[in-house]
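Data first, discussion second: the structure below is written as C-alpha cells.
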Amino acid sequence: MKVWHFSEMAYPPAWDAGYELGSFRVMLPNQLCEPETVADIYHRHFDEFMLCDELGINIMLNEHHSTATCLNAAVPLTLAILARITSKVRLLSLGSPIANRPDPVRVAEEMAMIDVISRGRLEMGLVKGAPYEVAPANSNPGRLMERFWEAHDLVLKAMSPQTEPFSWEGEFFHYRKVNIWPRPWQQPHPPVWITGLSPHSGRAIAERRHVAAALLSGGIAANLFDAYRQRAAELGWVAPVDRFAYCVLVGVGQTEAEGRRRADQVAGYVRTSPIVAEPFKNPPGYAPVAANVQALKTGPTQSVVRVQTVDGRTIDPTKASVQEFMDSRTMFAGNPDQVFEQIKQFNQEVGGLGHLIIMAQGGTLSFEDTCDNLRLFASEVMPRLSEIEHPENPYAERAEKAASAAQ
Amino acid sequence: MAMTSGFETITGVRTEVLSGGQGRSLLFLHGAFGLRHHEIFLAALATAYRVIAPAHPGFGETEWPREFRTIDDLAYFHLELADHFALDDAVLVGSCLGGWIAAEMLIRSTSRFSQLVLVNALGCKFGDRLTRDITDIHALPQAEVDALLFDEPGNVQTDLRTLSDDDLTAIVRAREAFTYFGWKPYMHNPTLRRWLHRIDLPTLVLWGSADGFVSPDYGRKFAAEIPSAQFEEIHAAGHFPTIEQPQALAAFIRDFAENRGADAAA
Numbered sequence: 015m016k017v018w019h020f021s022e023m024a025y026p027p028a029w030d031a032g033y034e035l036g037s038f039r040v041m042l043p044n045q046l047c048e049p050e051t052v053a054d055i056y057h058r059h060f061d062e063f064m065l066c067d068e069l070g071i072n073i074m075l076n077e078h079h080s081t082a083t084c085l086n087a088a089v090p091l092t093l094a095i096l097a098r099i100t101s102k103v104r105l106l107s108l109g110s111p112i113a114n115r116p117d118p119v120r121v122a123e124e125m126a127m128i129d130v131i132s133r134g135r136l137e138m139g140l141v142k143g144a145p146y147e148v149a150p151a152n153s154n155p156g157r158l159m160e161r162f163w164e165a166h167d168l169v170l171k172a173m174s175p176q177t178e179p180f181s182w183e184g185e186f187f188h189y190r191k192v193n194i195w196p197r198p199w200q201q202p203h204p205p206v207w208i209t210g211l212s213p214h215s216g217r218a219i220a221e222r223r224h225v226a227a228a229l230l231s232g233g234i235a236a237n238l239f240d241a242y243r244q245r246a247a248e249l250g251w252v253a254p255v256d257r258f259a260y261c262v263l264v265g266v267g268q269t270e271a272e273g274r275r276r277a278d279q280v281a282g283y284v285r286t287s288p289i290v291a292e293p294f295k296n297p298p299g300y301a302p303v304a305a306n307v308q309a310l311k312t313g314p315t316q317s318v319v320r321v322q323t324v325d326g327r328t329i330d331p332t333k334a335s336v337q338e339f340m341d342s343r344t345m346f347a348g349n350p351d352q353v354f355e356q357i358k359q360f361n362q363e364v365g366g367l368g369h370l371i372i373m374a375q376g377g378t379l380s381f382e383d384t385c386d387n388l389r390l391f392a393s394e395v396m397p398r399l400s401e402i403e404h405p406e407n408p409y410a411e412r413a414e415k416a417a418s419a420a421q
Numbered sequence: 004m005a006m007t008s009g010f011e012t013i014t015g016v017r018t019e020v021l022s023g024g025q026g027r028s029l030l031f032l033h034g035a036f037g038l039r040h041h042e043i044f045l046a047a048l049a050t051a052y053r054v055i056a057p058a059h060p061g062f063g064e065t066e067w068p069r070e071f072r073t074i075d076d077l078a079y080f081h082l083e084l085a086d087h088f089a090l091d092d093a094v095l096v097g098s099c100l101g102g103w104i105a106a107e108m109l110i111r112s113t114s115r116f117s118q119l120v121l122v123n124a125l126g127c128k129f130g131d132r133l134t135r136d137i138t139d140i141h142a143l144p145q146a147e148v149d150a151l152l153f154d155e156p157g158n159v160q161t162d163l164r165t166l167s168d169d170d171l172t173a174i175v176r177a178r179e180a181f182t183y184f185g186w187k188p189y190m191h192n193p194t195l196r197r198w199l200h201r202i203d204l205p206t207l208v209l210w211g212s213a214d215g216f217v218s219p220d221y222g223r224k225f226a227a228e229i230p231s232a233q234f235e236e237i238h239a240a241g242h243f244p245t246i247e248q249p250q251a252l253a254a255f256i257r258d259f260a261e262n263r264g265a266d267a268a269a
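The listed protein sequences correspond, in order, to chains Z and V.
Here my numbering runs 14 ahead of the position in the first sequence, where the first position is 1.
Here my numbering runs 3 ahead of the position in the second sequence, where the first position is 1.
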C-alpha cells in the first residue's frame, strides 16, 4: 500500500466570514484574502511537502477555485515547484478538472513539463470537478461528462509519442496541429487516476484501467471499487489493488487523545468545505435527470451532502464529531497502533486498497503538529502496512471465464 | 377549448405537440418551464386559432438529439416544424426562451409567418461588458428566483413531492435544457441584435411589468431593433404573463393579430 499526503491549503482567517455568509465558495469576496498571510500558508505547506520527501510519503495536490477552503487554485503551479524541490517521492495531481478547462492540450503540456522536471515522478489525475466549480469556470454543467471523456482522450493522445502532429475535430475541442513539447518522461503517459462517486463511474474507470480514487466516505469507496472489480472481470482481467485509492483524514499521536485532537483539527477541512450557497450545489444538468427527479421527490434539498456511517447512520459533515467521522471512515485517528488497525480493517471492508491518501493537515492544524503527525505516521504506521493482507478478489473466476471466452 | 397532446416526428426528432382549435395557424414557443402551467393561455388562444404548441428538444417529452447544442439548432428545428405543419400566414408567439427562438427563426426566414408576438423574450445583449441585462438566476436561491419571475410567486408554487414521476421528469429536463442553451453567453446571442432588422413582419412586444429577471426596459430596447414593432406592458404579471395573465395576454394577441398587426403591415 502506497501512502500519499494531501492538504488543500485552507485559509482559516476567512472562515468566520464564510459561516456568516453561508458559503465558503464562489460568493466569499476576495478582499477577505490577505496575500501576506497566503504567502506564509503556501511556504509552510511547501516545507511540509519537503518533509514528506524526506519521510518517503508521496504527495498529492488538487485544486479548487473561489474558496477559503483551498488556496491551491492551480495544481500545475504547485506541482511544478514540488517537481524541482523534491527528489524522491511521487507527485499526484488529483487533479486537473478537464471538463472545466477550455484547452486540454494546455493541460497535457503542463503535465508533461511536470513529469519531465520531476524525472518521471508524476501521476496524473483527471477529475470531473465538484458542482460548485462550474460557476468559477463558467463551464456548462450540461453534458459535462461527455466533455470530460473527450478531453481525457485528447490529453492522453497529446501526451503519447507521435510521429507527426495530429488534428482534432471533436464535438467540444478543436485543434489544427497537436504536437506537445516536451513529451512526458513516462511513456506513453504518466499513470492516470480518476475520482469517482458512483458505481457507474467505477465501471467507466475500469474500462480504461485507470486508478479509481474515492474520497472521505467508506461507503462510496466500497461501492466504487466493487463496480470497478466487476467491470474488470467482465472484460476478462482481475483488477489489482493498485487500481484503488482512498483519501482519509488522519490524526496520529503518541497517545489516543493526541491523535484524536489532531484529527479534530484536520477535520476543519470537511466541516467547512461542504458549506456552499444553494444555487451552486447542484447546477441543472450536472447530475443525471433520474437523480434530480429523486431529489425533488425527497423534498427541499438538504443544506449539505450527508455521509453514511458503516452501520447506516447519516451524519452531517459540517458538525460531525471525531467518532462520527471515524464511523463513516472519513477519518482514522488515535495512537499508531489504533490507526494501523483502522487501516487494516478498512482495507478488508473495501476489498483491498493500493493507495492510502492521508490528509495529515487540514483546517487549523499547526505546522508543528502536522510535521509530528507525518513523522509518527511514517515511522510507526507506514512500515507495518506491508503486513496487511488483501482480501481475495471475488470476481477472479468470472474474469478468467471472460478472458477464455474472448480467446 | 382544451388542447390535445400528441407526438410528431420533426426532422427525425420525436416531438411532443399540444394542438387545438381551428382557423388561422398560431405557433406558440414556450419558455423556461416548458408547457407546464400553460393550459389556460393555450385554451384561450384555441378559441380563435389553430394553435400548435410543441415542446422544444430537451423539454417535455421531446427528444434531445445530442448534436443540438446551440440556439441555432432550436431555430432550425422549429423552421422545419413550421414546414411540417405547412404553416402559412401564421402568427408566431414566443415567450421567454421561446421568444429568443422565434427571433432567431425570423432573422433566417419569415416565409411561413405574417405576424410576430414576443412575450418577455430573451436573446439580446444591450448593456456593456460589466452590466448584465438578464439576472443571473443560476447564482440565486430558488425562492429568490421565483420572486423575480412572478408578480405573485404563489401563482405557480406546488409541492413537488405530490407530482408524478413524469411531471418531475419534465421539470428536471426543462431546467437542464434551459440552462444548457443559455449558459454561455448567458441567455443571449451576441449577434442577434445585429440581425433583428431582418424581421419585416408586424411585431408586438409584450412584457410583464413585474419581471425582475429581464426588465420592461430591456423589452423596449428589443422592440426598438425590430422595424415595425410595438411595445406594451402587461400589468400584474412578471416574466410569464402566459401563466399570470393568460386571458389578458390572449386578448392582446388577438387584438394585435386581427386589428393592429394588419395596420402596421399596411
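Idealized CB from N, CA, C, for every residue including glycine.
Within 10 angstroms of the beta-carbon of N262 (chain V) lie fewer than 16 other beta-carbons, which makes it exposed.
Proximity of chain Z to T182 (chain V) at the Cβ level (cut-off 9 Å) is accounted for by N154, P155, G156, P297, P298 and G299, in chain order. Segment contact: the segment 175–183 of chain Z against the segment 105–115 of chain Z, fewer than three CB-CB distances shorter than 8 Å; contact not assigned.
Interface flag for E292 (chain Z) against chain V is set, since a Cβ pair is found closer than 8 Å. Looking at the backbone, the Cα of H166 (chain Z) and that of G216 (chain Z) are separated by about 16 Å.
Within the segment 296–384 of chain Z, the runs of alpha helix (DSSP H) that reach at least 4 residues and sit entirely inside it are, in chain order, 303–311, 336–341 and 350–363.
Sequence-distant partners of T50 (chain V) (beyond 5 residues in either direction) whose C-beta falls short of 7 Å from its own C-beta, in its chain, are M4 and G24. Secondary-structure assignment with DSSP links I73 (chain Z) through a beta bridge to Z:H19 and Z:L105. A check of alpha carbon separations from L109 (chain V) across V:E11, V:V54 and V:A78 identifies V:A78 as the nearest. Using a CB distance below 7 Å, the part of the segment 302–314 of chain Z facing chain V consists of V303, N306, V307, L310, K311 and G313, ordered along the chain. For P144 (chain V), the neighbours in chain Z by C-beta distance under 8 Å run, in chain order, A291, E292 and P293. DSSP places I202 (chain V) outside any alpha helix (DSSP H), giving it a letter other than H or E.
Using beta-carbon distances, D168 (chain V) counts as an interface residue toward chain Z, with a partner under 8 Å.
In its chain, beyond the 5 residues on either side, Y25 and P27 have a beta carbon closer than 8 Å to the beta carbon of T51 (chain Z). The beta carbon of L229 (chain Z) sits closer than 6 Å to those of C261, all from its chain and outside the five residues before and after it, given in chain order. Taking C-beta atoms as the reference points, Q244 (chain Z) and Y409 (chain Z) count as a pair closer than 8 Å. Counted as a single uninterrupted DSSP element, the alpha helix (DSSP H) harbouring K415 (chain Z) occupies residues A410 to A420. A straight line joining the alpha-carbon of G36 (chain Z) with that of I289 (chain Z) spans about 6 Å.
DSSP places Q233 (chain V) inside the beta strand (DSSP E), whose first and last residues are A232 to I237.
Within the segment 90–153 of chain V, the runs of beta strand (DSSP E) that reach at least 3 residues and sit entirely inside it are, in chain order, 93–98 and 116–122. Under the 10 Å beta carbon count, Q359 (chain Z) is surrounded by fewer than 16 other beta carbons and is classified as exposed.
Chain-ordered, the chain Z residues with CB closer than 9 Å to the CB of R164 (chain V) read L310, K311, T312 and G313. Restricting attention to V:E107, V:T134 and V:R132, the CA atom closest to the CA of L121 (chain V) is found in V:E107. Beyond the five residues adjoining it in sequence on each side, W210 (chain V) comes within less than 6 Å, by CB distance, of N123, P219, G222 and E236 in the same chain, given in chain order. Taking 3 residues as the minimum length, the beta strand (DSSP E) runs contained wholly in the segment 102–161 of chain Z are 105–110 and 136–140, in order along the chain. Per DSSP, the beta bridge partners of G265 (chain Z) are Z:A347. Below the 7 Å Cβ cutoff, chain Z contributes no neighbours of H33 (chain V), its closest Cβ being approximately 17 Å away.
With respect to P90 (chain Z), I128 (chain Z) sits close: the two C-beta atoms are nearer than 8 Å. A straight-line Cα-Cα distance of about 9 Å links L90 (chain V) and R27 (chain V). For R257 (chain V), DSSP records no beta bridge to any residue.
Excluding the 5 residues flanking it on each side, A87 (chain Z) has same chain C-beta neighbours closer than 8 Å at E77, H78 and H79, in chain order. Assignment of beta-bridge partners to R17 (chain V) by DSSP yields V:T12. Straight across, the Cα-Cα distance linking A253 (chain V) with P244 (chain V) is about 10 Å.
A contact is defined here as three or more CB-CB pairs under 8 Å, and the segment 92–108 of chain V meets this definition with respect to the segment 69–78 of chain V. Look at V16 (chain V): its C-beta is not under 8 Å from any C-beta on chain Z.
Excluding sequence positions up to five before and after N193 (chain Z), its CB lies within less than 7 Å of the CB of Q176 and P179, all in the same chain and listed in chain order.
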